[in-house]
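Note that the protein sequences, when read in sequence, are chains A and B. Residue numbering for the first sequence follows the working numbering, beginning at 275 and increasing consecutively. Residue numbering for the second sequence follows the working numbering, beginning at 275 and increasing consecutively. All remarks here apply to the structure that follows.
Number of protein chains: 2
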Amino acid sequence: MYTIKEVAERMEVSEHTLRFWAKNGFFPYIKRNENNIRQFTEEDLEWVQIVKCLRSIGTENKAIKKYIDLCTIGDSTIAERFEIIKDTKKKALERMDELKKQLELLDWKENYYNNLINNKGIDRCNPLNNDCQKVTT
Amino acid sequence: MYTIKEVAERMEVSEHTLRFWAKNGFFPYIKRNENNIRQFTEEDLEWVQIVKCLRSIGTENKAIKKYIDLCTIGDSTIAERFEIIKDTKKKALERMDELKKQLELLDWKENYYNNLINNKGIDRCNPLNNDCQKVTT
DNA sequence: TTACAACTTGATAGTAACTATCAGTCAAGT
DNA sequence: ACTTGACTGATAGTTACTATCAAGTTGTAA
Numbered sequence: 275m276y277t278i279k280e281v282a283e284r285m286e287v288s289e290h291t292l293r294f295w296a297k298n299g300f301f302p303y304i305k306r307n308e309n310n311i312r313q314f315t316e317e318d319l320e321w322v323q324i325v326k327c328l329r330s331i332g333t334e335n336k337a338i339k340k341y342i343d344l345c346t347i348g349d350s351t352i353a354e355r356f357e358i359i360k361d362t363k364k365k366a367l368e369r370m371d372e373l374k375k376q377l378e379l380l381d382w383k384e385n386y387y388n389n390l391i392n393n394k395g396i397d398r399c400n401p402l403n404n405d406c407q408k409v410t411t
Numbered sequence: 275m276y277t278i279k280e281v282a283e284r285m286e287v288s289e290h291t292l293r294f295w296a297k298n299g300f301f302p303y304i305k306r307n308e309n310n311i312r313q314f315t316e317e318d319l320e321w322v323q324i325v326k327c328l329r330s331i332g333t334e335n336k337a338i339k340k341y342i343d344l345c346t347i348g349d350s351t352i353a354e355r356f357e358i359i360k361d362t363k364k365k366a367l368e369r370m371d372e373l374k375k376q377l378e379l380l381d382w383k384e385n386y387y388n389n390l391i392n393n394k395g396i397d398r399c400n401p402l403n404n405d406c407q408k409v410t411t
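Dropping the structure here:
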């Protein structure tokens, strides 16, 4: 059993956000003790994990709530949940590709600045003072 | 020369966002024609590209403005710009790692649902109707 | 040549998802 | 008794869009 503070630390999500998510109904099975304090179980942590995962891939809170609701309904929603996971995976893979391209641009720029620093002012590819950026069409 | 609409299409950024970015000073060298219409050059597209890259890695608009301003100041800011690019690259690599872990979780879930669908109801790892999620500590 | 669609512009308002602040309650530990 | 930590709810602020709107310009068709 974990307090909200422990969960925040362990899962790297702020307490605020955890309460916000809880208010949104993202943690359907959470229990409270006799003093109304939330007690997160290991299983609750897994809900935090999937919510965190979906959010960071860009799934909107409304859609996350939908997925959670489907989970609590039961077996009849398995096919629908399967689709959601597949869609999310697709989005994640797309983001991955995008990130790779962005890393190429950043590598190029890093190299560009590095050269500039090492042979001060020589080999500028642009006479103006703005960046000489990589054209990727 | 490209109109804002063409740029939006080609760079996959909405016209709205382009105007918003322009208002924020993200495109310092942009020209307008006699009717006050923005005319994006190839070079302007490269500014769009770097802004898009920085944003999608999570750089805040304030920090992007700072970077743009450094670029327009000139050579004296090269070292500082170099640091910004290196930091951004680091963030991108971290995001990459995170994405990989998230993809593992999604793969696991996809497989889990897939099994459930193929041998209907058998091999459930949890007697309750909530998800049986992967524990990753 | 007038009408209308298809652009553009800036201004303003609305939205999503936090994020922060505050006031007030409750219970446990020192 | 007092501090600490967690809770609640309300409210306001922030960031980065995103949508709506009125107004101006240009090109084509009747």
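We treat Cβ as the ideally placed atom computed from N, Cα and C, and that holds for glycine.
Which residue from the options puts its Cα closest to that of residue i?
i	options	result
L377(B)	K279(A), E320(A) and A366(A)	A366(A)
E286(A)	K363(B), Y387(B), I304(B) and E372(B)	E372(B)
K363(B)	I311(A), F301(A) and N385(A)	N385(A)
K360(A)	D343(B), I352(B), L379(B) and F356(B)	L379(B)
T315(B)	M275(B), N392(B) and S350(B)	M275(B)
R312(A)	I324(A), K279(A) and E354(A)	K279(A)
A282(A)	N307(A), K339(A) and Q323(A)	Q323(A)
R355(B)	Y303(B), K339(B) and R369(B)	K339(B)
L328(B)	F300(B), T351(B) and K383(B)	F300(B)
E320(A)	I331(A), A353(A), I342(A) and N392(A)	I342(A)
D349(B)	L292(A), S288(A), W295(A) and N389(A)	N389(A)
T291(B)	K305(B), V325(B) and I304(B)	V325(B)
Considering just the uninterrupted stretch of the alpha helix (DSSP H) at residue i, what are its terminal residues?
i	result
Y386(B)	I352 to N392
Y341(B)	N335 to I347
- Message: Under 8 Å, CB to CB, which of the residues in the region 344-373 of chain A have a partner in chain B?
- Response: Under the 8 Å Cβ criterion, the region 344-373 of chain A contributes C345, T346, I347, G348, D349, I352, A353, R355, F356, I359, K360, T362, K363, A366, L367, R369, M370, E372 and L373.
- In chain order, which alpha helix (DSSP H) runs of at least 4 residues are fully inside the region 280-328 of chain A? Positions of the alpha helix (DSSP H) runs, each at least 4 residues long and wholly inside the region 280-328 of chain A, are given as 289-297 in order along the chain.
- Query: Mind listing which residues of the region 377-396 of chain B have their C-beta closer than 8 Å to chain A's C-betas, in chain order?
  - Reply: Within the region 377-396 of chain B, contact with chain A at the beta-carbon level (separation under 8 Å) is assigned to L377, L379, L380, D381, K383, E384, Y387, N388, L390, I391 and G395.
- Residues in the region 320-332 of chain A with C-beta within 8 Å of chain B's C-beta atoms, listed in sequence order? The residues in question are E320, W321, Q323, I324, C327, S330 and I331.
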